[in-house]
Amino acid sequence: MHGFPTFWWTWRNQLTALADAGYRAIAMDLRGYGGSDHPPHGYDPTTQTADAAGVLRSLGVPSAYVVGHGWGAFGAWAMGVLEPDAVLGIIPISMPHPRAMRSNLLRAGQWTTLGYMLNFQMPLLPERSLRRLEGHRVEHLMRRWSGSTDWIDAEGEVYRSAFMRWPTAHTSIEYHRWAVRSFWRTDGLRFMSAMSEPITTDVLHIHGVLDPMVLSASCSGSGSYVSGSYRFAALQTGHFPQEEAPADVSALIIEWLNEHTRS
C-alpha cells in the first residue's frame, strides 16, 4: 500500500524484484487515489484496512505479507490488529506504529514537521494548491521530503499527472483530515485504543534516517506493540526509501521474506 502523494507506481521496482525472486506481489491504489474509486467518505484506517483485506479476498488470497509506505504503512500496522487473519507479517516503511507516532508527537519533536497537515484542514485551498501549475506542489513536497531527488527528476511528472485527475487532490488529503480531526474524537480514540493490542505477526520496520517529515526518533517504541519478532532497518534515505534506494529496499524485503517462508 502506497502513501501520500504517490500511487501504486511507487512499487514498480519492488514488484519486478519480488517477481524475479519467485513471489507474487500485488500493488493497489488506496481509496481516493489513481484507478481506485473516489467516494466522499471512508478515509480512515479502519476502512482502509477493510479495503485492503477485501482486495485480497477478491483475488482469492486468504492472507499475505503486507508492505506499506507512509499512510499505507499506517494501514499496514492497523491491519495487524484489525484484520489479523489476512496478515502473515507486515513491512511498514516510513511510518511508526500509530500509538508510537502519537506518543512521540511532542517527545520527539515530530509535531514541528507536520505543519502541512494543519494546512490541509482548510477547505478547498489545499486541493487547489495541489492542482495548481500542473501539480507543482505535489513535486515540491516530494523534493522537500526526499533525501535524494534523482528519482523525482525521472518520475515527478507521473505523480503530478495523477493528482490532476479530480477528485484525487481532495480525496487523498481526506486521510490527513481524519488524522487531525479525530485526535480527540470518539472514532479516533477508539482506533488508538484498539491499536494497544499487540501485533502477533513478525514485523520488518524500514525507515530512512534522513526523513525530514517522519522523524526517525518517532519510531521509538514501535516494537513494544509487537509480540512477534521485530526488526528495525535504517537506510540512508529520506521519506521515500522505495524510490530513493529501490534495490536496498527490495533486498531487505526479499531477505526477510525468505527467512519467513523458506526456512
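Counted from 1, the sequence shown has number 216 at position 212 by our numbering; the numbering is strictly sequential. All C-beta atoms, glycine included, are put in the ideal place defined by N, C-alpha and C.
Sort out for me which residues DSSP pairs residue i with in a bridge.
{"i": "VAL213", "result": "Per DSSP, none; premise fails for VAL213."}
{"i": "ALA237", "result": "ILE210"}
{"i": "GLU71", "result": "Checking the sequence, you will find Val at residue 71 rather than Glu. Beta-bridge pairing links VAL71 to ILE95."}
{"i": "ILE177", "result": "Looking at the DSSP assignment, ILE177 forms no beta bridge with any residue, so it has no partner."}
{"i": "VAL230", "result": "ILE203"}
Beta-carbon separation of residue i and residue j under 8 Å?
{"i": "TRP12", "j": "GLY36", "result": "no"}
{"i": "SER165", "j": "ASN17", "result": "no"}
{"i": "GLN240", "j": "VAL218", "result": "no"}
{"i": "MET121", "j": "VAL184", "result": "yes"}
{"i": "MET32", "j": "VAL59", "result": "yes"}
{"i": "SER98", "j": "GLY79", "result": "no"}
{"i": "ASP89", "j": "SER67", "result": "yes"}
{"i": "GLU143", "j": "ILE156", "result": "yes"}
{"i": "HIS209", "j": "ALA237", "result": "yes"}
{"i": "ALA158", "j": "PHE167", "result": "no"}
{"i": "VAL71", "j": "ILE95", "result": "yes"}
{"i": "ARG103", "j": "MET5", "result": "no"}
{"i": "GLY232", "j": "ILE203", "result": "yes"}
{"i": "TYR234", "j": "VAL207", "result": "yes"}
Using 10 angstroms around the beta-carbon of residue i, count the other beta-carbons present and answer buried if the total reaches 16, otherwise exposed.
{"i": "LEU24", "result": "Reading the sequence as shown, one finds Asp at residue 24 and not Leu. Under this definition ASP24 is an exposed residue."}
{"i": "SER133", "result": "buried"}
{"i": "TRP188", "result": "exposed"}
{"i": "THR10", "result": "buried"}
{"i": "ASP48", "result": "buried"}
Taking the alpha carbon of residue i as the point to measure from, which residue in the options has its own alpha carbon closest?
{"i": "TYR229", "options": "LEU239, GLY46, GLU201 and GLY192", "result": "GLU201"}
{"i": "SER220", "options": "HIS101, ALA29, PRO43 and GLU87", "result": "HIS101"}
{"i": "GLY46", "options": "GLU161, GLU178 and TYR69", "result": "GLU178"}
Apart from the five residues on each side of it in sequence, which residues of its chain come closer than 7 Å, Cβ to Cβ, to residue i?
{"i": "ILE258", "result": "ALA21, LEU22 and ALA25"}
{"i": "ARG141", "result": "SER133 and LEU134"}
Considering only residues of the same chain and omitting the five flanking positions on each side of residue i, which have a CB-CB separation below 8 Å?
{"i": "TRP149", "result": "ASP215, PRO216, MET217, GLY242, HIS243 and PHE244"}
Among the residues of its own chain, which have a CB less than 6 Å from the CB of residue i, if the five just before and after it don't count?
{"i": "THR153", "result": "ARG147"}
Does residue i get closer than 8 Å to chain B when you measure Cβ to Cβ?
{"i": "GLY7", "result": "No chain B is part of this structure, which consists of one protein chain only."}
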